[in-house]
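Participant: So the protein lines, in turn, are chains A and B.
Residues in the first sequence are numbered from 10 upward in steps of one, following the working numbering.
Residues in the second sequence are numbered from 289 upward in steps of one, following the working numbering.
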Amino acid sequence: MEKDIKLMKGNEAIAEAAIRAGVDAYFGYPITPQSEVIEYLMAEQPEKRTGMVVLQAESEVAAINMIYGAAGAGKRVLTTSSSPGISLMQEGISYIAGAQLPCVLVNVVRGGPGLGTIQPSQADYFQSVKGGGHGDYKLIVLAPASVQESVDFTRLAFDIAFKYRNPVMLLTDGVLGQMMEKVEFFEQQERKKEDEPWATVGKAGRGHRNYITSLFIKPEKMYEVNLELQKKYREVEKNEVRYQEIDTEDADYLFVAYGTTARICQKACQLAREKGIKVGLLRPISLYPYPYDIINKLADKVKGVMVIEMNHGQMVEDVKLAINGKLEVGFMGRSGGIIPTPSEILEALENKFINK
Amino acid sequence: MKFGKDIISPENKVFEKTKLLTDEYLHYCPGCGHSVVHRLLMEALEDLNLGDETIGVAPVGCSVFAYHYMDIDMQQAAHGRAPAVATGIKRVMPDKTVFTYQGDGDLAAIGTAETIHACNRGENITFIFINNGIYGMTGGQMAPTTLENMKSSTSPYGRDLKSMGHPLKMTELVANLDGVAYATRQAVHTPALVRKCKKAIVKAFKLQKENKGTTFVEIVTNCNSGWKMRPVQANEWLQKNMIPYYPLGDIKK
Ligand SMILES: Cc1ncc(C[n+]2csc(CCOP(=O)(O)OP(=O)(O)O)c2C)c(N)n1
Ligand code: SF4
Ligand SMILES: [Mg+2]
Numbered sequence: 010m011e012k013d014i015k016l017m018k019g020n021e022a023i024a025e026a027a028i029r030a031g032v033d034a035y036f037g038y039p040i041t042p043q044s045e046v047i048e049y050l051m052a053e054q055p056e057k058r059t060g061m062v063v064l065q066a067e068s069e070v071a072a073i074n075m076i077y078g079a080a081g082a083g084k085r086v087l088t089t090s091s092s093p094g095i096s097l098m099q100e101g102i103s104y105i106a107g108a109q110l111p112c113v114l115v116n117v118v119r120g121g122p123g124l125g126t127i128q129p130s131q132a133d134y135f136q137s138v139k140g141g142g143h144g145d146y147k148l149i150v151l152a153p154a155s156v157q158e159s160v161d162f163t164r165l166a167f168d169i170a171f172k173y174r175n176p177v178m179l180l181t182d183g184v185l186g187q188m189m190e191k192v193e194f195f196e197q198q199e200r201k202k203e204d205e206p207w208a209t210v211g212k213a214g215r216g217h218r219n220y221i222t223s224l225f226i227k228p229e230k231m232y233e234v235n236l237e238l239q240k241k242y243r244e245v246e247k248n249e250v251r252y253q254e255i256d257t258e259d260a261d262y263l264f265v266a267y268g269t270t271a272r273i274c275q276k277a278c279q280l281a282r283e284k285g286i287k288v289g290l291l292r293p294i295s296l297y298p299y300p301y302d303i304i305n306k307l308a309d310k311v312k313g314v315m316v317i318e319m320n321h322g323q324m325v326e327d328v329k330l331a332i333n334g335k336l337e338v339g340f341m342g343r344s345g346g347i348i349p350t351p352s353e354i355l356e357a358l359e360n361k362f363i364n365k
Numbered sequence: 289m290k291f292g293k294d295i296i297s298p299e300n301k302v303f304e305k306t307k308l309l310t311d312e313y314l315h316y317c318p319g320c321g322h323s324v325v326h327r328l329l330m331e332a333l334e335d336l337n338l339g340d341e342t343i344g345v346a347p348v349g350c351s352v353f354a355y356h357y358m359d360i361d362m363q364q365a366a367h368g369r370a371p372a373v374a375t376g377i378k379r380v381m382p383d384k385t386v387f388t389y390q391g392d393g394d395l396a397a398i399g400t401a402e403t404i405h406a407c408n409r410g411e412n413i414t415f416i417f418i419n420n421g422i423y424g425m426t427g428g429q430m431a432p433t434t435l436e437n438m439k440s441s442t443s444p445y446g447r448d449l450k451s452m453g454h455p456l457k458m459t460e461l462v463a464n465l466d467g468v469a470y471a472t473r474q475a476v477h478t479p480a481l482v483r484k485c486k487k488a489i490v491k492a493f494k495l496q497k498e499n500k501g502t503t504f505v506e507i508v509t510n511c512n513s514g515w516k517m518r519p520v521q522a523n524e525w526l527q528k529n530m531i532p533y534y535p536l537g538d539i540k541k
């Protein structure tokens, strides 16, 4: 069969991937730098291709609650937004996690705080990985580093979301959303035919009612539900850690970076090796669950670890947890939509560990 | 006259609890309008034979546990977001019957945007809107629907229109929207009104089945605990004070 290769913007590619992944419904609200997702879907009219529903909500608050409703019906549902919009969704996300509903959320991160800037950023790491909304819950977070991965992870995210009945977030940014790259698409998947046994679709033929709730008013019950969630998260931590190692075998120094900054670090590694400095890169792909073990192991082999982010130091805390004091961890960050260059990244590493 | 076991016979039966209510004890205060409306709502669905295909959305408020009492598939929504949740459900299953059950704080304060926009899109869902002029669940604070000079725990000297705004007539508001097919205001504090109210609920679901657009049934009820009154006194107060400001009847049919 001929390969299905296209040149596409990251945001549009996510929209096309959603249609092909057999998604049942998309609910969203426009915000830069991700509005191309809903624009593409509206133009593409997926209701004619697969029967997929697309609706522009009146706000991100409404969108995430539409997601809750349709996810509670056991459907494959997607919303996308960017930082301020994702902030508005947090109550709904907490409810979705508490009610154990599967869904996929995409955050095309822009600079903050506040209305911030529409330029790319990684300043929502804490919000995505450490909570964001209220309560003891976890989002499963995947960080693509290319348009191709944006497509592949959109499909993967739905598999993971249904496997654990848990919301999954794709954390991209303004660079990944806006840049065009060559991308190969998977073939059209069928939409779900069978109802989930727990879903609220009307109790016909079941003999008992189903209900979706995150309310457990008795402390003993709430505790039990929290333990159940924790058990699920341990399972996720066992099965869903994803990362990529680049040139780590002989490395004396290690970059740790995800998404866009990982791409830039790759170039910085090349520049370093041209100068005779052996630098490798560990790229976390799943930000929750975090690849603590591999970072801990690599720390035994290298002389220094340098974390690069488009913020003022968020993921670096997890790297430090992974390394647990065995080794010094350096950090270099740019924010506000300023993207670090390969040479300044390399310079930061040299200043920290070599020219000191 | 003697009453023995022998009077228990089919021809003497005058009332049966709808099968769409579970046997769980209602937690509502005695005399509260919520219980009556729960029954009417489930009776309406039973009469229309819709119990198997309906998905209800419970709010945050005194009726947060509606899903324990209504023996149908249900979802519990975040405070005010029931119309968005119902939209999500209905859009992916347009053939199913979907309703929201919401209090006045839920529907007309925190969730006003979701209410207006679901109505404006003409979502084919039914709103059951319980207007008791107060936040019952959280202990009797002022609602957008609280009457002028009415006392509540956050308007202890009475609602002052200048600083606290005017009691919101939500049903009149949504009746203006083209997406709304039917908007009516009912009450359940007398037997005659109970019968009328049920008819209105039945009509709303019938229109939903005919894909006519949004149907909106407001029910003015008491909150004797929040109003700090005995049940009978609360119903009298309701008739005398709430009904003149919130007149009963169809606003859009
Ligand atoms: C986001 C959020 N804010 C506030 C609350 C607290 N709260 C719970 S119920 C309620 C008011 C409910 O009043 P109403 O909708 O009129 O229902 P009633 O109890 O009167 O039937 C409030 C403010 C909440 N649960 N969630
Ligand atoms: S507090 Fe008011 S609304 Fe709530 S159950 Fe009691 S009477 Fe009903
Ligand atoms: Mg109320």
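Positions of the beta carbon are idealized from the N, C-alpha and C atoms, including for glycine.
Out of Pro42/A, Leu97/A, Val113/A and Leu16/A, which has the shortest C-alpha to C-alpha gap to Ala34/A?
Facilitator: Taking the first residue of the first sequence as position 1, residue 34/A is located at position 25. Looking at the Cα atoms, Val113/A is the closest of the given residues.
Participant: Could you confirm whether any beta carbon from chain B is found closer than 8 Å to the beta carbon of Tyr104/A?
Facilitator: Taking the first residue of the first sequence as position 1, residue 104/A is located at position 95. With 8 Å as the cut-off, Tyr104/A counts as an interface residue toward chain B.
Participant: Using only alpha-carbon positions, find the residue among Tyr146/A, Ala271/A and Leu87/A that is nearest to Leu355/A.
Facilitator: Mapped onto the first sequence, residue 355/A falls at position 346. That would be Ala271/A, whose Cα lies nearest to the Cα of Leu355/A.
Participant: Does the beta carbon of His315/B sit closer than 8 Å to a beta carbon anywhere in chain A?
Facilitator: Locating residue 315/B in the second sequence gives position 27, counting from the first residue. Not an interface residue.
Participant: If we define contact as Cβ-Cβ less than 8 Å, is Thr342/B a contact residue for chain A?
Facilitator: The count along the second sequence starts at 1 and reaches residue 342/B at position 54. By this cut-off, Thr342/B is an interface position.
Participant: Interface residues of chain B around Gly313/A at Cβ under 9 Å?
Facilitator: The sequence position of residue 313/A within the first sequence is 304, counting from 1. Per Cβ cutoff of 9 Å: no residues; Gly313/A is ~46 Å from chain B at best.
Participant: Can you give the Cα-Cα distance for Gly427/B and Cys317/B, rounded to whole angstroms?
Facilitator: Taking the second sequence and counting its residues from 1, the one referred to as residue 427/B is at position 139. Taking the second sequence and counting its residues from 1, the one referred to as residue 317/B is at position 29. Gly427/B and Cys317/B: Cα-Cα distance of roughly 12 Å.
Participant: Near Leu456/B, what residues of its chain come up, given a Cβ to Cβ distance below 7 Å and the 5 sequence neighbours on each side ignored?
Facilitator: As a working note, residue 456/B is residue 168 in the second sequence. Correct list, in chain order: Ala396, Pro432 and Thr433.
Participant: Roughly how many whole angstroms lie between the Cα atoms of Met2/A and Gly142/A?
Facilitator: For residue 2/A there is no data in the structure shown, the boundaries of chain A being 10 and 365.
Participant: Using a beta-carbon distance below 8 Å, is Arg119/A in contact with chain B?
Facilitator: As a first step, residue 119/A is located in the first sequence; it is residue number 110 there, counting from the start. With 8 Å as the cut-off, Arg119/A does not count as an interface residue toward chain B.
Participant: Any beta carbon of chain B sitting closer than 8 Å to that of Phe36/A?
Facilitator: Residue mapping note: residue 36/A aligns to position 27 of the first sequence, counting from 1. Chain B contact via Cβ: present.
Participant: Go ahead and pull the three-state DSSP assignment for Ile296/B.
Facilitator: Looking up residue 296/B in the second sequence gives position 8. Correct three-state label for Ile296/B: coil.
Participant: Compute every distance between the C-beta of Ala431/B and the non-hydrogen atoms of ligand 3, then say whether any falls below 7 Å.
Facilitator: The sequence position of residue 431/B within the second sequence is 143, counting from 1. Checking the Cβ of Ala431/B against ligand 3 gives yes.
Participant: If you draw a straight line from the alpha carbon of Leu224/A to that of Asn364/A, how long is it in whole angstroms?
Facilitator: On the first sequence, position 215 is the one that residue 224/A refers to. On the first sequence, position 355 is the one that residue 364/A refers to. Cα to Cα, the separation comes out at about 57 Å.
Participant: Does the CB of Leu64/A have a neighbour CB from chain B at under 8 Å?
Facilitator: Position 55 of the first sequence, counted from the start, is the residue given in the question as residue 64/A. Answer yes: the Cβ-Cβ gap between Leu64/A and chain B drops below 8 Å somewhere.
Participant: With 7 Å as the C-beta to C-beta threshold (strictly closer), list the residues of the region 198-219 of chain A near chain B in chain order.
Facilitator: From the region 198-219 of chain A, only Thr209, Val210, Gly211, Lys212, Ala213, Arg218 and Asn219 have a Cβ closer than 7 Å to chain B.
Participant: Following a CB-centred definition, is Met358/B positioned closer than 7 Å to any heavy atom of ligand 4?
Facilitator: The ligand content of the structure shown is limited to ligand 1, ligand 2 and ligand 3, which means ligand 4 is not among them.
Participant: Would you kindly check if the distance between the Cβ of Ala277/A and the Cβ of Tyr301/A is under 8 Å?
Facilitator: As a working mapping, residue 301/A is identified with position 292 in the first sequence. As a working mapping, residue 277/A is identified with position 268 in the first sequence. No.
Participant: Answer with yes or no whether the minimum CB distance from Met319/A to chain B is below 8 Å.
Facilitator: Position 310 of the first sequence, counting from 1, holds the residue named residue 319/A. It does not; no Cβ of chain B falls within 8 Å.
Participant: Is it true that the region 395-415 of chain B meets the region 87-107 of chain A, where meeting means three or more beta-carbon pairs spaced less than 8 Å apart?
Facilitator: The region 395-415 of chain B is not in contact with the region 87-107 of chain A.
Participant: Listed from N- to C-terminal order along the chain, which residues in the region 360-382 of chain B have their beta-carbon within a distance smaller than 7 Å of any beta-carbon of chain A?
Facilitator: Correct list: Ile360, Asp361, Met362, Gln363, Gln364, Ala365, Ala366, Arg369, Ala372, Val373, Ala374, Thr375, Gly376, Ile377, Arg379, Val380 and Met381.
Participant: Measure the alpha-carbon distance for Gln109/A versus Leu87/A and round it to whole angstroms.
Facilitator: Against the first sequence, residue 109/A aligns to sequence position 100. Against the first sequence, residue 87/A aligns to sequence position 78. So the two alpha carbons sit approximately 16 Å from each other.
Participant: Give a single yes or no on whether Asn420/B has its beta carbon closer than 7 Å to a heavy atom of ligand 3.
Facilitator: Within the second sequence, the letter at position 132 stands for residue 420/B. It does: the Cβ of Asn420/B is within 7 Å (strictly closer) of some heavy atom of ligand 3.
Participant: Between the region 189-202 of chain A and the region 46-64 of chain A, can you find at least three pairs of beta-carbon atoms closer than 8 Å?
Facilitator: In short, these stretches touch, since the Cβ pair count reaches three.
Participant: Between which two residues does the alpha helix (DSSP H) holding Ser92/A run?
Facilitator: On the first sequence, residue 92/A is found 83 positions in, with the first residue counted as 1. Segment Ser92 to Leu97, the alpha helix (DSSP H) holding Ser92/A.
Participant: Going by DSSP, name the residue or residues bridged to Phe415/B.
Facilitator: What you label residue 415/B is simply residue 127 of the second sequence in a count that begins at 1. Beta-bridge pairing links Phe415/B to Thr388/B and Phe504/B.
Participant: Find the residues of chain B that neighbour Val70/A, judging by a C-beta separation of less than 8 Å, and give them in chain order.
Facilitator: By 1-based counting over the first sequence, the position of residue 70/A is 61. Residues of chain B passing the Cβ test: Arg369, Ala372, Ala401 and Glu402.
Participant: Can at least three beta-carbon pairs, one atom from the region 384-393 of chain B and one from the region 339-352 of chain B, be found at a separation below 8 Å?
Facilitator: Output reads yes: the region 339-352 of chain B touches the region 384-393 of chain B.
Participant: Among Ile539/B, Leu328/B and Met381/B, whose alpha-carbon lies nearest the alpha-carbon of Tyr357/B?
Facilitator: Sequence index remark: in the second sequence, residue 357/B carries index 69 (1-based). Tyr357/B has its Cα closest to that of Leu328/B, out of Ile539/B, Leu328/B and Met381/B.
Participant: Counting only beta-carbon atoms, is Val462/B nearer than 8 Å to chain A?
Facilitator: Position 174 of the second sequence, counting from 1, holds the residue named residue 462/B. Answer no: the Cβ-Cβ gap between Val462/B and chain A never drops below 8 Å.
Participant: Between the C-alpha atoms of Ile296/B and Val302/B, what's the straight-line distance to the nearest angstrom?
Facilitator: Locating residue 296/B in the second sequence gives position 8, where the first residue counts as 1. Locating residue 302/B in the second sequence gives position 14, where the first residue counts as 1. Answer to the nearest angstrom: the Cα atoms are 11 Å apart.
Participant: Considering only their Cβ atoms, is the gap separating Ala79/A from Val476/B smaller than 8 Å?
Facilitator: Translated into positions along the second sequence, residue 476/B becomes position 188. Translated into positions along the first sequence, residue 79/A becomes position 70. Their beta carbons are not under 8 Å apart, which means Val476/B does not touch Ala79/A by this criterion.
Participant: For His326/B, go through chain A and note every residue whose CB falls closer than 7 Å to its CB, in chain order.
Facilitator: Here residue 326/B refers to the residue found at position 38 when the second sequence is read from its first residue. Near His326/B there are no residues of chain A at all, since even the closest Cβ is about 14 Å away, more than 7 Å.
Participant: Along the beta strand (DSSP E) that carries Ala469/B, what are the first and last residues, could you check?
Facilitator: Position 181 of the second sequence, counting from 1, holds the residue named residue 469/B. Taken as a continuous stretch (DSSP letters only), the beta strand (DSSP E) holding Ala469/B covers Val468 to Ala475.
Participant: Looking at the unbroken beta strand (DSSP E) that takes in Cys112/A, where does it start and where does it end?
Facilitator: For the purposes of this step, residue 112/A is taken as residue 103 along the first sequence, with counting starting at 1. Element bounds for Cys112/A: Cys112 to Gly120.
Participant: Just list the beta strand (DSSP E) runs in the region 254-295 of chain A, keeping only unbroken ones of 3 residues or longer that don't cross its boundaries, in chain order.
Facilitator: If we require 3 residues or more, the beta strand (DSSP E) runs fully inside the region 254-295 of chain A come out as 262-265 and 288-293.
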